[in-house]
Amino acid sequence: QILQMAGGIIPIENRDYICVTIHVVNAGFFEMGFATTAGHFILATNVEDLERVIQTQGKDVAGLAGSEDFQRALAGLPADRSMVTYSDPRKAMATLSQMLKTMGPMLIMQNPEMADWIDLSLFPGAEVFTKYMDVSGGVMTTEEDGISIQGISRMKSQR
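Numbering (the working numbering), first residue to last: 389 to 547.
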């Protein structure tokens, strides 16, 4: 259904990976992907992370769910859950930084008046922000009268 909703507006490439079809959206400066495998829908803003999850499913290895980052992101959140989210803002900030470096000059070329108030050379690299960031996690649990969604974003000092 997601592919039908995109309606050809968003180019989606299908890749076979270990007998699973990964649907990849390439935004030029990053790729995101989604797949359905072993009864789970998985959406990832990093195709390599998605492949790692698929590769380790059903195996007795420490995949993403067994990683220290993932465990830290979900620490203190309910264990009885129907949905889990995991995010690494450090990777997101690196992607945003790359996007600004790539797309920023094109945006200014299309809108020259922006050059008067935006100086992309002053934008610091991602490392200026990521040194304060750590992982984020969230869970959705089913309650008697609905659902409950909880999340947490950790700071480096909370390690």
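Every residue, glycine too, gets a C-beta built ideally from N, C-alpha and C.
Exercise for the section: Following the continuous alpha helix (DSSP H) through threonine 425, name the residue where it begins and the one where it ends. Expected result: For this step, residue 425 is matched to residue 37 along the sequence shown. Going by DSSP, threonine 425 is part of no alpha helix (DSSP H) but of the beta strand (DSSP E) stretching over 419-425.
Exercise for the section: Inspect the beta-carbon positions of glycine 539 and threonine 473 and report whether they are closer than 9 Å. Expected result: The residue labelled residue 539 in the question sits at position 151 within the sequence shown. The residue labelled residue 473 in the question sits at position 85 within the sequence shown. Yes; because the gap between Cβ atoms is below 9 Å, this pair is in contact.
Exercise for the section: Please name the residue or residues paired with serine 541 in a DSSP beta bridge. Expected result: Counting from one through the sequence shown, the residue named residue 541 turns up at place 153. Per DSSP, Ser524.
Handout entry: Short Cβ contact (9 Å threshold) for phenylalanine 418 with asparagine 434
Key = Along the sequence shown, one-based indexing puts residue 418 at 30. Along the sequence shown, one-based indexing puts residue 434 at 46. Contact flag set, yes.
Exercise for the section: Provide the residue span of the alpha helix (DSSP H) that contains glutamate 456, from first to last. Expected result: Here residue 456 refers to the residue found at position 68 when the sequence shown is read from its first residue. First-last of the alpha helix (DSSP H) with glutamate 456: 456-462.
Problem - Integer-rounded CB distance, given that arginine 460 should sit under 8 Å from valine 523 - result: Counted from its first residue, the sequence shown places residue 523 at position 135. Counted from its first residue, the sequence shown places residue 460 at position 72. Approximately 6 Å separates the beta-carbon atoms of valine 523 and arginine 460; this is inside 8 Å, confirming the contact.
Practice task
Report, in whole angstroms, the separation of the C-beta atoms of phenylalanine 429 and histidine 411, which I expect to be a contact under 8 Å.
Solution key: As a first step, residue 429 must be located in the sequence shown, where it is residue number 41. As a first step, residue 411 must be located in the sequence shown, where it is residue number 23. With a Cβ gap of about 11 Å, phenylalanine 429 and histidine 411 do not count as contacting.
Practice task
Please state whether DSSP places serine 509 in a helix, a strand or coil.
Solution key: One-based indexing of the sequence shown puts residue 509 at position 121. Of the three classes helix, strand and coil, the one that applies to serine 509 here is helix, per DSSP.
Exercise for the section: Could you tell me if arginine 478 is buried or exposed, where buried requires 16 or more neighbouring beta carbons within 10 angstroms of its beta carbon? Expected result: Translated into positions along the sequence shown, residue 478 becomes position 90. Around the beta-carbon of arginine 478, 16 or more other beta-carbon atoms lie within 10 Å, marking it buried.
Practice task
Pick helix, strand or coil for leucine 465, following the three-state DSSP scheme.
Solution key: Sequence index remark: in the sequence shown, residue 465 carries index 77 (1-based). Leucine 465: coil per DSSP, three-state reduction.
Practice task
Can you say whether leucine 495 is buried or exposed, counting buried as having 16 or more other CB atoms within 10 angstroms of its CB?
Solution key: Residue numbering aside, residue 495 sits at position 107 when the sequence shown is read from its first letter. Exposed is the call here.
Problem - Straight-line Cα distance separating proline 466 from threonine 530 - result: The residue labelled residue 530 in the question sits at position 142 within the sequence shown. The residue labelled residue 466 in the question sits at position 78 within the sequence shown. Taking C-alpha positions only, threonine 530 is separated from proline 466 by approximately 11 Å.
Exercise for the section: Have a look at leucine 438 and alanine 453 and give me their C-alpha separation to the nearest angstrom. Expected result: Counting from one through the sequence shown, the residue named residue 438 turns up at place 50. Counting from one through the sequence shown, the residue named residue 453 turns up at place 65. Cα-Cα distance, rounded: 12 Å.
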